[in-house]
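Notes follow once the structure below has been shown.
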Amino acid sequence: MTDILFQPYQLNSTISLQNRVLMAPLTRCMADDNLVPTDDMAAYYAKRADTGLIISEATIIRPDGQGYPNTPGLFTPEQITGWRKVTDAVHSNGGKIFAQLWHTGRVAHPHFYAGDTVIAPSAAAVEGTVPRMRDLTYQVPTPATTKQIQELVNDYAQAAANAIDAGFDGVEIHGANGYLIDQFLHFDSNKRTDNYGETPENMSRFALEVVDAIVGRIGHDKTALRLSPGAYFNMASDPRDKQVFDYLLPELEKRNLAFLHIGIFDDEMTFEHLGGRASDYVRSRYKKTLVGVGGFTPQTGSAAIEADRFDLLAIGRPLIANPDYIAKVKNQQPLVEYNEQMLTSLV
(Lines of atoms letter the chains of each structure in order from A and count residues from 1; the text may use other names and numbers.)
(Lines give C-alpha, C1' and ligand atoms only; values in the text may rest on other atoms or scores of the structure.)
Protein backbone atom coordinates (compact mmCIF):
# COMPACT_ATOMS: atom_id res chain seq x y z
CA MET A 1 0.00 0.00 0.00
CA THR A 2 1.16 3.52 -0.80
CA ASP A 3 -1.72 5.56 0.63
CA ILE A 4 0.44 7.41 3.15
CA LEU A 5 2.47 8.94 0.30
CA PHE A 6 -0.56 10.87 -0.89
CA GLN A 7 -1.66 12.30 2.42
CA PRO A 8 -1.15 16.07 2.84
CA TYR A 9 1.70 17.05 5.12
CA GLN A 10 1.92 20.25 7.17
CA LEU A 11 5.57 21.19 6.81
CA ASN A 12 5.17 24.06 9.26
CA SER A 13 2.75 26.87 10.09
CA THR A 14 3.19 28.48 6.66
CA ILE A 15 3.78 25.62 4.21
CA SER A 16 1.43 22.72 3.51
CA LEU A 17 2.33 19.98 1.03
CA GLN A 18 -0.25 18.19 -1.09
CA ASN A 19 1.53 14.85 -0.58
CA ARG A 20 4.65 13.37 1.02
CA VAL A 21 6.64 12.89 -2.20
CA LEU A 22 9.47 15.32 -2.90
CA MET A 23 11.32 15.66 -6.17
CA ALA A 24 14.96 15.18 -5.22
CA PRO A 25 17.55 17.69 -6.50
CA LEU A 26 18.80 16.37 -9.83
CA THR A 27 21.74 18.09 -11.51
CA ARG A 28 21.00 18.30 -15.24
CA CYS A 29 23.57 20.86 -16.53
CA MET A 30 20.95 22.48 -18.76
CA ALA A 31 21.30 26.19 -17.93
CA ASP A 32 22.56 28.51 -20.65
CA ASP A 33 26.16 29.73 -20.87
CA ASN A 34 25.42 32.52 -18.38
CA LEU A 35 24.02 29.93 -15.95
CA VAL A 36 20.49 31.27 -16.49
CA PRO A 37 17.60 28.77 -16.33
CA THR A 38 15.94 28.23 -19.69
CA ASP A 39 12.34 27.92 -20.87
CA ASP A 40 12.91 24.18 -21.25
CA MET A 41 13.84 24.02 -17.58
CA ALA A 42 10.64 25.84 -16.64
CA ALA A 43 8.61 23.29 -18.59
CA TYR A 44 10.58 20.41 -17.04
CA TYR A 45 9.83 21.49 -13.48
CA ALA A 46 6.22 22.44 -14.21
CA LYS A 47 5.50 18.89 -15.40
CA ARG A 48 6.46 17.60 -11.94
CA ALA A 49 4.46 20.13 -9.90
CA ASP A 50 2.09 17.48 -8.53
CA THR A 51 4.81 16.28 -6.16
CA GLY A 52 4.44 17.67 -2.66
CA LEU A 53 7.60 19.74 -3.04
CA ILE A 54 10.22 20.14 -5.76
CA ILE A 55 13.83 20.63 -4.69
CA SER A 56 15.60 22.37 -7.55
CA GLU A 57 18.79 21.10 -9.05
CA ALA A 58 21.84 22.33 -7.15
CA THR A 59 22.28 26.04 -7.83
CA ILE A 60 25.55 27.85 -7.23
CA ILE A 61 25.66 30.82 -4.87
CA ARG A 62 28.57 32.60 -6.59
CA PRO A 63 30.90 32.07 -9.57
CA ASP A 64 33.72 30.21 -7.80
CA GLY A 65 31.26 27.59 -6.60
CA GLN A 66 30.94 26.03 -10.04
CA GLY A 67 32.31 22.55 -10.66
CA TYR A 68 30.19 21.29 -13.56
CA PRO A 69 29.21 22.83 -16.91
CA ASN A 70 25.96 24.78 -17.30
CA THR A 71 24.79 24.48 -13.72
CA PRO A 72 22.43 27.35 -12.87
CA GLY A 73 23.27 30.19 -10.53
CA LEU A 74 21.39 32.53 -8.21
CA PHE A 75 23.75 35.50 -8.04
CA THR A 76 22.90 37.71 -11.06
CA PRO A 77 19.70 39.57 -11.96
CA GLU A 78 19.42 37.51 -15.13
CA GLN A 79 19.61 34.25 -13.19
CA ILE A 80 16.97 35.45 -10.73
CA THR A 81 14.69 36.37 -13.63
CA GLY A 82 15.28 32.99 -15.25
CA TRP A 83 14.39 31.17 -12.06
CA ARG A 84 11.27 33.31 -11.68
CA LYS A 85 9.99 31.78 -14.93
CA VAL A 86 10.52 28.35 -13.38
CA THR A 87 8.80 29.13 -10.09
CA ASP A 88 5.90 30.84 -11.88
CA ALA A 89 5.41 27.72 -14.02
CA VAL A 90 5.48 25.43 -10.99
CA HIS A 91 3.08 27.60 -9.01
CA SER A 92 0.72 27.88 -11.99
CA ASN A 93 0.46 24.09 -11.90
CA GLY A 94 -0.27 24.07 -8.17
CA GLY A 95 3.18 23.05 -6.97
CA LYS A 96 5.77 24.26 -4.48
CA ILE A 97 9.50 24.54 -5.03
CA PHE A 98 12.62 25.12 -2.90
CA ALA A 99 15.99 26.18 -4.35
CA GLN A 100 18.96 24.05 -3.42
CA LEU A 101 21.90 26.36 -2.66
CA TRP A 102 25.32 25.04 -3.63
CA HIS A 103 29.02 25.74 -3.52
CA THR A 104 31.17 22.84 -4.65
CA GLY A 105 34.30 23.83 -2.68
CA ARG A 106 37.28 21.73 -3.68
CA VAL A 107 35.23 20.13 -6.46
CA ALA A 108 35.09 23.51 -8.26
CA HIS A 109 37.36 24.27 -11.21
CA PRO A 110 38.72 27.65 -12.39
CA HIS A 111 37.85 26.69 -15.97
CA PHE A 112 34.32 27.83 -15.17
CA TYR A 113 35.04 31.24 -13.66
CA ALA A 114 37.47 34.15 -13.79
CA GLY A 115 40.02 33.03 -11.23
CA ASP A 116 42.94 30.71 -10.67
CA THR A 117 42.22 29.27 -7.22
CA VAL A 118 39.76 26.85 -5.69
CA ILE A 119 38.52 27.58 -2.18
CA ALA A 120 37.96 24.82 0.40
CA PRO A 121 38.49 24.12 4.12
CA SER A 122 41.99 22.72 3.57
CA ALA A 123 44.63 22.09 0.92
CA ALA A 124 43.36 18.54 0.32
CA ALA A 125 42.60 17.85 -3.33
CA VAL A 126 40.05 15.55 -4.93
CA GLU A 127 41.49 12.89 -7.19
CA GLY A 128 40.37 12.51 -10.78
CA THR A 129 38.79 14.74 -13.39
CA VAL A 130 35.67 16.88 -13.72
CA PRO A 131 32.55 14.92 -14.79
CA ARG A 132 31.42 15.71 -18.35
CA MET A 133 34.79 17.45 -18.92
CA ARG A 134 37.37 14.72 -18.41
CA ASP A 135 40.25 16.85 -19.70
CA LEU A 136 40.04 19.00 -16.54
CA THR A 137 41.97 17.68 -13.55
CA TYR A 138 41.10 18.79 -10.04
CA GLN A 139 43.64 21.09 -8.40
CA VAL A 140 44.84 21.52 -4.84
CA PRO A 141 42.48 24.02 -3.17
CA THR A 142 43.46 27.07 -1.17
CA PRO A 143 42.30 26.93 2.47
CA ALA A 144 39.69 29.60 3.13
CA THR A 145 40.71 32.34 5.53
CA THR A 146 38.40 33.33 8.37
CA LYS A 147 37.46 36.44 6.39
CA GLN A 148 36.68 34.35 3.31
CA ILE A 149 34.54 32.01 5.40
CA GLN A 150 32.47 34.94 6.60
CA GLU A 151 32.13 36.14 3.01
CA LEU A 152 30.85 32.69 2.08
CA VAL A 153 28.31 32.80 4.91
CA ASN A 154 27.10 36.17 3.64
CA ASP A 155 26.93 34.89 0.07
CA TYR A 156 24.80 31.92 1.11
CA ALA A 157 22.41 34.30 2.87
CA GLN A 158 22.26 36.59 -0.16
CA ALA A 159 21.56 33.64 -2.44
CA ALA A 160 18.70 32.64 -0.14
CA ALA A 161 17.26 36.15 -0.38
CA ASN A 162 17.69 35.98 -4.16
CA ALA A 163 15.78 32.68 -4.18
CA ILE A 164 12.83 34.25 -2.41
CA ASP A 165 13.00 37.17 -4.86
CA ALA A 166 12.89 34.58 -7.66
CA GLY A 167 9.65 33.16 -6.26
CA PHE A 168 10.93 30.05 -4.50
CA ASP A 169 8.93 28.89 -1.47
CA GLY A 170 12.14 28.31 0.46
CA VAL A 171 15.67 26.96 0.16
CA GLU A 172 17.51 23.75 0.88
CA ILE A 173 21.16 24.30 1.78
CA HIS A 174 23.33 21.66 0.10
CA GLY A 175 25.46 20.41 2.98
CA ALA A 176 25.98 16.90 1.62
CA ASN A 177 27.75 14.73 -0.95
CA GLY A 178 31.30 16.02 -0.63
CA TYR A 179 30.67 19.68 -1.50
CA LEU A 180 31.79 22.76 0.44
CA ILE A 181 29.74 22.54 3.63
CA ASP A 182 30.19 18.77 3.78
CA GLN A 183 33.94 19.24 3.38
CA PHE A 184 34.01 21.11 6.69
CA LEU A 185 32.17 18.21 8.38
CA HIS A 186 34.60 15.38 7.56
CA PHE A 187 38.15 14.76 8.72
CA ASP A 188 39.35 13.67 5.26
CA SER A 189 38.72 17.13 3.84
CA ASN A 190 39.01 19.30 6.96
CA LYS A 191 42.58 19.51 8.26
CA ARG A 192 42.17 22.91 9.89
CA THR A 193 43.58 23.77 13.32
CA ASP A 194 41.61 26.98 13.88
CA ASN A 195 38.01 27.57 15.01
CA TYR A 196 36.71 25.61 12.01
CA GLY A 197 38.65 22.38 12.53
CA GLU A 198 39.82 19.57 14.83
CA THR A 199 36.77 19.26 17.12
CA PRO A 200 33.09 18.44 16.41
CA GLU A 201 32.05 21.92 17.57
CA ASN A 202 34.58 23.65 15.34
CA MET A 203 33.93 21.45 12.31
CA SER A 204 30.19 22.11 12.63
CA ARG A 205 30.67 25.86 12.96
CA PHE A 206 30.52 26.78 9.25
CA ALA A 207 27.38 24.73 8.61
CA LEU A 208 25.63 26.30 11.59
CA GLU A 209 26.76 29.81 10.63
CA VAL A 210 25.30 29.32 7.15
CA VAL A 211 22.05 27.97 8.57
CA ASP A 212 21.76 30.82 11.08
CA ALA A 213 22.52 33.48 8.47
CA ILE A 214 19.87 32.14 6.11
CA VAL A 215 17.31 31.74 8.88
CA GLY A 216 18.02 35.33 9.87
CA ARG A 217 17.42 36.44 6.29
CA ILE A 218 14.36 34.42 5.20
CA GLY A 219 13.07 32.62 8.32
CA HIS A 220 13.43 29.12 9.74
CA ASP A 221 10.20 27.93 8.09
CA LYS A 222 11.74 28.50 4.64
CA THR A 223 15.15 27.01 5.44
CA ALA A 224 16.08 23.34 5.04
CA LEU A 225 19.38 21.45 4.93
CA ARG A 226 20.72 18.34 3.24
CA LEU A 227 23.39 16.29 5.05
CA SER A 228 25.27 13.04 4.43
CA PRO A 229 26.96 11.63 7.54
CA GLY A 230 27.65 8.52 5.46
CA ALA A 231 27.56 7.79 1.72
CA TYR A 232 30.95 9.33 1.10
CA PHE A 233 31.40 11.05 -2.26
CA ASN A 234 34.74 12.53 -3.28
CA MET A 235 36.17 11.84 0.18
CA ALA A 236 37.41 9.00 2.36
CA SER A 237 35.55 7.77 5.42
CA ASP A 238 36.81 8.36 8.94
CA PRO A 239 35.21 6.88 12.09
CA ARG A 240 35.71 10.22 13.87
CA ASP A 241 33.14 11.82 11.55
CA LYS A 242 30.33 10.41 13.67
CA GLN A 243 31.38 12.66 16.54
CA VAL A 244 30.82 15.68 14.31
CA PHE A 245 27.27 14.65 13.42
CA ASP A 246 26.54 13.59 16.99
CA TYR A 247 27.13 17.24 17.88
CA LEU A 248 25.60 18.82 14.75
CA LEU A 249 22.23 17.06 14.60
CA PRO A 250 20.93 18.18 18.02
CA GLU A 251 22.10 21.70 17.24
CA LEU A 252 20.09 21.64 14.02
CA GLU A 253 17.02 20.33 15.83
CA LYS A 254 17.09 23.46 18.01
CA ARG A 255 16.78 25.63 14.90
CA ASN A 256 13.33 24.31 13.91
CA LEU A 257 14.12 24.04 10.21
CA ALA A 258 11.56 23.29 7.53
CA PHE A 259 13.17 19.86 7.17
CA LEU A 260 16.41 17.91 7.18
CA HIS A 261 17.15 15.88 4.04
CA ILE A 262 19.47 12.86 4.07
CA GLY A 263 21.93 13.03 1.18
CA ILE A 264 22.58 9.41 0.25
CA PHE A 265 22.31 7.39 -2.95
CA ASP A 266 21.38 3.99 -1.52
CA ASP A 267 19.70 3.75 1.88
CA GLU A 268 20.37 0.02 2.04
CA MET A 269 24.06 0.82 2.53
CA THR A 270 25.28 0.40 6.08
CA PHE A 271 28.08 2.34 7.72
CA GLU A 272 30.04 0.74 10.53
CA HIS A 273 30.82 4.07 12.19
CA LEU A 274 27.09 4.97 12.18
CA GLY A 275 25.94 1.58 13.42
CA GLY A 276 23.84 0.85 10.32
CA ARG A 277 21.91 2.89 7.77
CA ALA A 278 22.45 6.64 7.60
CA SER A 279 18.70 7.32 7.77
CA ASP A 280 18.30 5.34 10.99
CA TYR A 281 21.30 7.06 12.52
CA VAL A 282 19.94 10.54 11.68
CA ARG A 283 16.43 9.68 12.89
CA SER A 284 17.81 8.56 16.26
CA ARG A 285 19.28 12.03 16.76
CA TYR A 286 16.84 14.28 14.91
CA LYS A 287 13.12 14.03 15.67
CA LYS A 288 11.71 16.82 13.51
CA THR A 289 10.72 16.60 9.84
CA LEU A 290 13.12 14.28 8.05
CA VAL A 291 13.31 13.47 4.33
CA GLY A 292 14.51 10.03 3.27
CA VAL A 293 16.02 9.17 -0.10
CA GLY A 294 18.07 6.41 -1.67
CA GLY A 295 16.58 3.89 -4.07
CA PHE A 296 13.13 3.62 -2.51
CA THR A 297 10.15 2.36 -4.47
CA PRO A 298 6.70 3.74 -3.66
CA GLN A 299 6.07 0.61 -1.63
CA THR A 300 9.32 0.55 0.34
CA GLY A 301 9.17 4.31 0.85
CA SER A 302 5.63 4.09 2.19
CA ALA A 303 6.66 1.31 4.56
CA ALA A 304 9.58 3.39 5.83
CA ILE A 305 7.27 6.34 6.55
CA GLU A 306 4.79 4.05 8.28
CA ALA A 307 7.66 2.76 10.42
CA ASP A 308 8.60 6.36 11.33
CA ARG A 309 12.06 6.10 9.78
CA PHE A 310 11.37 9.48 8.15
CA ASP A 311 8.40 11.71 7.29
CA LEU A 312 8.79 12.56 3.60
CA LEU A 313 10.21 10.62 0.65
CA ALA A 314 12.46 12.20 -2.00
CA ILE A 315 12.39 10.53 -5.40
CA GLY A 316 15.19 11.10 -7.92
CA ARG A 317 15.77 9.26 -11.16
CA PRO A 318 12.24 7.81 -11.42
CA LEU A 319 11.00 11.40 -11.65
CA ILE A 320 13.34 12.03 -14.58
CA ALA A 321 11.85 9.04 -16.36
CA ASN A 322 8.27 9.67 -15.22
CA PRO A 323 7.10 13.30 -15.11
CA ASP A 324 3.69 11.86 -14.20
CA TYR A 325 5.12 9.79 -11.35
CA ILE A 326 2.41 10.78 -8.86
CA ALA A 327 -0.46 9.88 -11.18
CA LYS A 328 1.13 6.57 -12.17
CA VAL A 329 1.74 5.48 -8.60
CA LYS A 330 -1.76 6.54 -7.51
CA ASN A 331 -3.30 4.60 -10.39
CA GLN A 332 -0.96 1.62 -9.97
CA GLN A 333 0.42 2.03 -13.48
CA PRO A 334 3.89 0.74 -14.43
CA LEU A 335 6.75 3.22 -14.25
CA VAL A 336 9.15 3.84 -17.12
CA GLU A 337 12.62 2.58 -16.25
CA TYR A 338 15.31 5.25 -15.97
CA ASN A 339 18.28 5.05 -18.33
CA GLU A 340 21.41 7.18 -18.76
CA GLN A 341 20.27 8.59 -22.12
CA MET A 342 17.59 10.52 -20.26
CA LEU A 343 20.29 12.76 -18.78
CA THR A 344 20.98 14.37 -22.16
CA SER A 345 17.60 16.06 -22.50
CA LEU A 346 14.86 17.63 -20.41
CA VAL A 347 11.57 15.72 -20.65
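Residue numbers (the working numbering): -13 to 333. Don't be surprised by glycine CBs; every beta carbon is placed ideally from N, CA and C.
Taking all protein chains in view, the Cβ of residue 319 is surrounded by fewer than 16 other Cβ atoms within 10 Å, so the residue is classified as exposed. Around the Cβ of residue 148, a 10 Å sphere holds 16 or more other Cβ atoms; the residue is buried. By the criterion of a C-beta distance shorter than 7 Å, residue 203 is surrounded in its chain by 143, 146, 147, once the five residues flanking it on both sides are discounted. Taken atom to atom, the span from the alpha-carbon of residue 187 to that of residue 134 is near 19 Å. Ranking 286, 118, 86 by CA distance to the CA of residue 213 puts 86 first.
With fewer than 16 other Cβ atoms inside 10 Å of its own Cβ, residue 313 counts as exposed. The alpha-carbon separation between residue 118 and residue 264 amounts to approximately 29 Å. For residue 195, the three-state secondary structure derived from DSSP is helix. Beta-bridge partners assigned by DSSP to residue 257: 262. Residue range 39 to 46 is occupied by the beta strand (DSSP E) that includes residue 42. For residue 158, the pairing in a beta bridge is given by DSSP as 86, 210. Remark: C-beta atoms of residue 207 and residue -2 approach each other more closely than 8 Å. Cβ-Cβ distances below 8 Å link residue 80 to 4, 35, 36 in the same chain, with the five nearest sequence neighbours on each side left out; the list follows chain order.
Using a Cβ distance threshold of 8 Å, residue 97 and residue 122 count as a contacting pair. Annotation for residue 161: 167, 168, 193, 211, 212, 213 place their beta carbon closer than 7 Å to its own, counting only its chain and skipping 5 residues before and after. Cβ-Cβ separation between residue 90 and residue 53: approximately 4 Å, consistent with a contact (criterion under 8 Å). The straight-line gap separating the alpha-carbon atoms of residue 136 and residue 315 is approximately 45 Å. With at least 16 other beta carbons inside 10 angstroms of its own, residue 50 counts as buried.
Secondary structure at residue 36: coil, using DSSP grouped into helix, strand and coil.
DSSP, reduced to helix, strand and coil, places residue 73 within a helical segment of the structure shown.
Shortest Cα-Cα distance from residue 67 to any of 219, 290, 159, 150 involves 150.
Burial check for residue 126: the Cβ neighbour count within 10 Å stays below 16, so the residue is exposed.
Less than 8 Å separates the beta-carbon of residue 10 from that of residue 302.
When the five nearest sequence neighbours on each side are left out, the beta carbons in the same chain lying within less than 6 Å of the beta carbon of residue 174 are those of 221, 222, 224, in order along the chain.
In the same chain as residue 111, and ignoring 5 residues on each side of it, the C-beta atoms closer than 8 Å to its own belong to 92, 124, 125, 126, 127, in chain order.
Residue 299 is bridged by DSSP to 7, 278.
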